[in-house]
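Here the structure is laid out as structure tokens; the discussion comes afterwards.
There are 2 protein chains.
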Amino acid sequence: MSPSSTQISRALSTFKPADPLTIHDINPNTVTAKYAVRGKIPIIADGLQDLIKSQPQSHGLPFNKIINANIGNPQQLDQRPLTWYRQVLSILQYPGILETNVDYPKDVVERAKTILESIGSLGAYSHSQGAAYFRKSIADFIERRDGYPSNPHNLFLTSGASTAVSYLIQILSADPNSGFLIPIPQYPLYTATIALNNAKPIGYYLDESNHWSTNPEEIRELIKKNQDEGINIKALVVINPGNPTGSILSPQDMIEIIDIAAEYGLVLIADEVYQENIFKGKFISFKRVLCELLEMEPETYQHVQLASLHSTSKGVSGECGQRGGYMELVGFNTEVRDIVFKLASINLCSVVSGQALMELMINPPKAGDESYELYKAETKAIHNDLEKRADLLYHAFLEMENIECNKPMGAMYLFPSLTFDEEKYHKLYSRAKNSDLGIDDIYCVELLENTGICCIPGNGFGQKPGTYHLRTTFLPPGQEWIDRWTKFHKQFIEKYKD
Amino acid sequence: MSPSSTQISRALSTFKPADPLTIHDINPNTVTAKYAVRGKIPIIADGLQDLIKSQPQSHGLPFNKIINANIGNPQQLDQRPLTWYRQVLSILQYPGILETNVDYPKDVVERAKTILESIGSLGAYSHSQGAAYFRKSIADFIERRDGYPSNPHNLFLTSGASTAVSYLIQILSADPNSGFLIPIPQYPLYTATIALNNAKPIGYYLDESNHWSTNPEEIRELIKKNQDEGINIKALVVINPGNPTGSILSPQDMIEIIDIAAEYGLVLIADEVYQENIFKGKFISFKRVLCELLEMEPETYQHVQLASLHSTSKGVSGECGQRGGYMELVGFNTEVRDIVFKLASINLCSVVSGQALMELMINPPKAGDESYELYKAETKAIHNDLEKRADLLYHAFLEMENIECNKPMGAMYLFPSLTFDEEKYHKLYSRAKNSDLGIDDIYCVELLENTGICCIPGNGFGQKPGTYHLRTTFLPPGQEWIDRWTKFHKQFIEKYKD
Chain R
1 MSPSSTQISR ALSTFKPADP LTIHDINPNT VTAKYAVRGK IPIIADGLQD
51 LIKSQPQSHG LPFNKIINAN IGNPQQLDQR PLTWYRQVLS ILQYPGILET
101 NVDYPKDVVE RAKTILESIG SLGAYSHSQG AAYFRKSIAD FIERRDGYPS
151 NPHNLFLTSG ASTAVSYLIQ ILSADPNSGF LIPIPQYPLY TATIALNNAK
201 PIGYYLDESN HWSTNPEEIR ELIKKNQDEG INIKALVVIN PGNPTGSILS
251 PQDMIEIIDI AAEYGLVLIA DEVYQENIFK GKFISFKRVL CELLEMEPET
301 YQHVQLASLH STSKGVSGEC GQRGGYMELV GFNTEVRDIV FKLASINLCS
351 VVSGQALMEL MINPPKAGDE SYELYKAETK AIHNDLEKRA DLLYHAFLEM
401 ENIECNKPMG AMYLFPSLTF DEEKYHKLYS RAKNSDLGID DIYCVELLEN
451 TGICCIPGNG FGQKPGTYHL RTTFLPPGQE WIDRWTKFHK QFIEKYKD
Chain V
1 MSPSSTQISR ALSTFKPADP LTIHDINPNT VTAKYAVRGK IPIIADGLQD
51 LIKSQPQSHG LPFNKIINAN IGNPQQLDQR PLTWYRQVLS ILQYPGILET
101 NVDYPKDVVE RAKTILESIG SLGAYSHSQG AAYFRKSIAD FIERRDGYPS
151 NPHNLFLTSG ASTAVSYLIQ ILSADPNSGF LIPIPQYPLY TATIALNNAK
201 PIGYYLDESN HWSTNPEEIR ELIKKNQDEG INIKALVVIN PGNPTGSILS
251 PQDMIEIIDI AAEYGLVLIA DEVYQENIFK GKFISFKRVL CELLEMEPET
301 YQHVQLASLH STSKGVSGEC GQRGGYMELV GFNTEVRDIV FKLASINLCS
351 VVSGQALMEL MINPPKAGDE SYELYKAETK AIHNDLEKRA DLLYHAFLEM
401 ENIECNKPMG AMYLFPSLTF DEEKYHKLYS RAKNSDLGID DIYCVELLEN
451 TGICCIPGNG FGQKPGTYHL RTTFLPPGQE WIDRWTKFHK QFIEKYKD
């Protein structure tokens, strides 16, 4: 199979070759950026997984598979994709299927035809912001959700929500004194992207003792302190429902946050990708609260700059690998909005099948449509399943000594606190001191090595000094992995108790 | 449909709201970056398209549709996707299709099953570099193509080739004195990304009089001159087959370029996305030439750092909207490679359907497979069609007065030169001077306004001072658009001739 030689012939080279680049020759921001969700512990887990695969009989580990609780990736576990999404997408990929005997519901065929008529082919680049048809449909969804209009001109289809975060932080990082207020704990995409852009993360603590709520006084103090130090704060990031906390902000908290954005001219980055993952009550968007405030006091709120992010990766969709998402901009200066457009143009467009999926997610079958009953049943089952899994794990944590955990309200994670007492667990703390590891690092590594369960130490998300947490998804199915965790936890206590 | 109010009630705010951010408050690199392919002229074209759509009877334009020759987007024009790709992808999207009466070829079903067994679901995040199965298959392809092995550990699946360019330039931009050698003319993704990273583009001219070949002497001189000025040159970009030039480098040119990379320790970024778009002969990759040199003189070439890029957007695939691509790294320091891995991790993964498409593209049906004949017929027809279209447009340019054009050898573009004489076309040049536009700008705007044909002025790609070009794809079908262009060209000459 080997191609014939190119028959190059030449005199021997006469130059002295140079050494390759080292880590000291490259962009230091790319070296220092950290991303724990796919960091050290998941990399160890990947290695163990490879070992199990290559030596299934003789790997010598006390488990036979890795449980990836480190990342919200439902379909890697056992969540099945929704039939409605996938049937429409299969037609979009191969419209010729309609000329075969395939027996699809009428609304599936109709939606696929409508999309194909407006976009042509999934294989063509779309408009840089995403196809006009999808943006119009998303604007309609936002209006239904909030009761206030949305302008398709200010919607950007993105690859998950990550691209949106990347655009915003890149644009707002004017210089090394540009600051970003981020919650602690946070999703480490924010600290990673801020580091890549050589800007300054300013962590504000969420109040663990009060369901991880925000404390507006503390945020205002941080703003003043940083402004005094010459930091030019550009944006305030809020993740609601919370990652990694699983909490939900009250409307009152949201108003206080909008007030801060209005007073200091900060871009409010509202990461709302878990908006469908709410166990009780209905999701309230920042856009909606802002619009209500605007009706009351237009002068005060007219210049609030809000970027709201959504994604197909979460919700009951869980279509992480399809890379669909959108960002809505509100109140941005046109010139600044045009810079976002330019960045989107440089990337040409987000994947068009992901754009279509975003539309299918926010514009699902309606009562009376042929797909409706199945869609309803599947989404309800997933929703119930997620709540049940959250509850199982939460109750297991409640039973564990030296673990405290807030009741999960939404999202896909729990962020329990490890409350080992320093005197009683002297061996644990001295091991930590000697190895330069945190209590959370030691716990997560031993959990992985003993059970195959991969979760992430709290320090990857940020936590108050002297506290130790871990983030775990509650997505893995069944009770068995939880029992294994409980058993490990007891052994861990035995091992380190004085 | 409107949701009930959140019933927020509050005392009137007491703070003074701040102004929103302006273009002066944001990252100046994002403001200065330019991307002509979706820049000023395509934006005018979008506006005209909207006008035609909203007022089909009364738009008042001398044409009824825009011909998007500004971007290599075959499926936006009339190119149909390959049946083989799309049938497999339709199963990957909805495996349940196999339980219906759909009548797919056996090899389509088998490939889809093999992929699903190894990746699980398209909806799960894959490994950050792309699913192991796809990387192994791509490594096998590279070995078949070049006759030398490839390591899946050094393969990164990307969103088209753009993500790969973005990772590389971001990592190599250590400070504002980091320099990147890029061909002039170039694909403006390079200048845009260099600008976003506040690094320095160093243009080396391709030799238009010699089929846009490279001039190693000039590159060496540029390196010395820039090093003397304190510029730390990090990489040398080569686009082969050429965009926008449509030319192909000789093996001798490729050796000279590798020598330069070896001597100066530069990362060689080989943009090889048009490797299937070659009208005569076979594609020779930089990897292959490097491996042959390594066999001859291992000491000299062992540290050459090569990044080779490929994409599903080009070739006969033309699946731009599916955002598939890969990058192979060779000779990189492990620590530097791990930084690329970290950036890929921060982005979670490239779209998994695009990863699958990349695999289908480089591992197509073989003789004897049920899909083979159709696949062969479809690819051959597209290939022939592209060559025919290139030839038609090329010959039309040959006939036009004041246009010179190199014979197209590959890729999807022609980059003809506008050779209007300054004395004879005094009116044209003085119009240019008065409006601060180039001859190429005026030509492209008038072409668009008179014919609906959208192509890009050469200044968006770079050209020698005092020369004027335009880049056009040769993808639009038929003769009619070419005739319209020819007619316009004659009128343009009449209008501006003294």
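Taken in sequence, the protein lines are chains R and V. Each residue of the first sequence is one higher than the one before, counting from 1 in UniProt numbering. Each residue of the second sequence is one higher than the one before, counting from 1 in UniProt numbering. Just so you know, even glycine gets a beta-carbon here, dropped at the ideal spot from N, CA and C.
Reduced DSSP category for Ala261(V) - H, G, I as helix; E, B as strand; rest coil: Here Ala261(V) sits in helix by DSSP.
Shortest alpha-carbon distance to Asp338(V) belongs to which of Asp103(V), Pro95(V) and Tyr167(V)? Considering only alpha carbons, the answer is Tyr167(V).
Nearest-angstrom beta carbon gap, Gly460(V) and Pro188(V) [assumed within contact, 8 angstroms]: Yes, Pro188(V) and Gly460(V) are in contact; Cβ-Cβ is about 6 angstroms, under 8 angstroms.
Does DSSP classify His24(V) as helix, strand or coil? In this structure, His24(V) counts as coil in the three-state DSSP scheme.
Below-9 angstroms beta-carbon distance, Leu268(R) vs any chain V residue: In terms of beta-carbon proximity, Leu268(R) stays away from the interface with chain V, with every pair separated by 9 angstroms or more.
How would you list, in chain order, the residues of chain R whose beta-carbon sits under 8 angstroms from the beta-carbon of Tyr35(V)? The answer, in chain order, is Lys342, Ser345 and Ile346.
When DSSP builds the beta bridges, which residues end up paired with Ile284(R)? Answer by DSSP bridge pairing: none, since Ile284(R) is not bridged.
At least three beta-carbon pairs within less than 8 angstroms, the region 340-353 of chain R to the region 31-44 of chain V: Segments in contact, yes.
I think Asn70(R) touches Cys455(R), with their Cβ atoms under 8 angstroms apart; what is that distance to the nearest whole Å? Yes, Asn70(R) and Cys455(R) are in contact; Cβ-Cβ is about 6 angstroms, under 8 angstroms.
Terminal residues of the continuous alpha helix (DSSP H) containing Arg220(V)? If you look at Arg220(V), you'll find it in the alpha helix (DSSP H) that goes Pro216 to Asp228.
Tell me which residue opens and which closes the beta strand (DSSP E) that Gln302(V) is part of. No beta strand (DSSP E) contains Gln302(V), which DSSP labels as neither H nor E.
At what residue ranges does the region 289-372 of chain V contain a whole run of the beta strand (DSSP E), taking only runs of 3 or more? Within the region 289-372 of chain V, the complete beta strand (DSSP E) runs of at least 3 residues are 305-311 and 325-330.
Between the Cα of Glu328(V) and the Cα atoms of Leu360(V), Asn347(V), Ser285(V) and Gly354(V), which residue gives the shortest distance? Residue Ser285(V) is the option with its Cα nearest to Glu328(V).
Against chain R, with Cβ distances strictly below 9 angstroms, would Tyr326(V) count as a contact? Taking CB atoms only, Tyr326(V) has no neighbour in chain R less than 9 angstroms away.
Ile257(V) classed as buried or exposed, judged by whether at least 16 other C-beta atoms fall within 10 angstroms: Per the 10 Å Cβ criterion, buried.
According to DSSP, is Asn232(V) helix, strand or coil? Asn232(V): strand per DSSP, three-state reduction.
Hey, how far is the Cα of Gln129(V) from the Cα of Leu48(R)? Each residue's CA atom was taken as its position, placing Gln129(V) and Leu48(R) some 18 angstroms apart.
Beta-carbon neighbours of Leu349(R), restricted to chain V and to distances below 9 angstroms: Rather than Leu, the amino acid found at residue 349(R) in this sequence is Cys. Chain V residues near Cys349(R): Cys320, Gly321 and Arg323.
Which residues of chain V have a Cβ atom closer than 7 angstroms to the Cβ of Arg10(R), listed in chain order? Going along chain V in sequence order, the residues near Arg10(R) (Cβ under 7 angstroms) are Ile255.
Quick one: list the residues of chain V neighbouring Val102(R), beta-carbon separation under 8 angstroms, in chain order. In chain order: Ile97, Thr100, Asn101 and Val102.
State yes or no: is the beta carbon of Tyr274(R) nearer than 9 angstroms to at least one beta carbon in chain V? Tyr274(R) does not count as touching chain V.
Quick one, which of Asp140(V), Gly96(V), Pro81(V) and Glu401(V) has its alpha-carbon nearest residue 536(V)'s? This structure gives no information on residue 536(V), because the portion of chain V shown stretches from 1 to 498.
Quick check on Val31(V): does DSSP put it in helix, strand or coil? In this structure, Val31(V) counts as helix in the three-state DSSP scheme.
At which residues does the alpha helix (DSSP H) containing Pro42(V) begin and terminate? Looking at the DSSP string, the run of the alpha helix (DSSP H) that includes Pro42(V) is Lys40 to Ser54.
So within the region 165-220 of chain V, which uninterrupted alpha helix (DSSP H) runs reach at least 4 residues, ignoring any that extend past its ends? Look at the region 165-220 of chain V and you find these whole runs of alpha helix (DSSP H), each 4 residues long or longer: 189-196.
Is it the case that the Cβ atoms of Cys349(R) and Asp146(R) are separated by a distance below 9 angstroms? No.
How far does the beta strand (DSSP E) with Phe415(R) in it reach, from first residue to last? Looking at the DSSP string, Phe415(R) is not in any beta strand (DSSP E), and its letter there is neither H nor E.
Short of 7 angstroms in beta carbon distance, which residues of its chain neighbour Glu370(R), apart from the five on each side in sequence? Order them along the chain. Listed in chain order, the non-local C-beta contacts of Glu370(R) below 7 angstroms within the same chain comprise Pro105, Lys106 and Asp107, local neighbours out to five positions each way being set aside.
Assuming contact is defined by CB atoms lying nearer than 9 angstroms, are Asp483(R) and Glu423(R) in contact in what I supplied? Going by C-beta atoms, Asp483(R) is not nearer than 9 angstroms to Glu423(R).
Of all the options Tyr204(V), Ser311(V), Phe63(V) and Phe283(V), which has the alpha carbon lying nearest to the alpha carbon of Arg144(V)? When only C-alpha atoms are compared, the closest one is Phe283(V).
Starting from Tyr468(V), follow the beta strand (DSSP E) in both directions and report where the run begins and ends. Looking at the DSSP string, the run of the beta strand (DSSP E) that includes Tyr468(V) is Tyr468 to Thr473.
Terminal residues of the continuous beta strand (DSSP E) containing Thr158(V)? Counting along the chain, the beta strand (DSSP E) containing Thr158(V) begins and ends at Leu155 to Thr158.
Residue range of the beta strand (DSSP E) that includes Leu268(V): Residues Val267 to Asp271.
Per-residue DSSP class, three states only, for Cys444(V): DSSP places Cys444(V) in helix when its eight states are reduced to three.
Run through the DSSP bridge pairs and tell me what Pro457(V) is partnered with. Bridge pairing for Pro457(V): Leu470(V) [DSSP].
With Cys405(R) and Leu414(R) assumed to form a contact (beta carbons below 8 angstroms), what rounded beta-carbon distance in angstroms separates them? Taking 8 angstroms as the upper bound for CB-CB distance, Cys405(R) and Leu414(R) are in contact here, some 6 angstroms apart.
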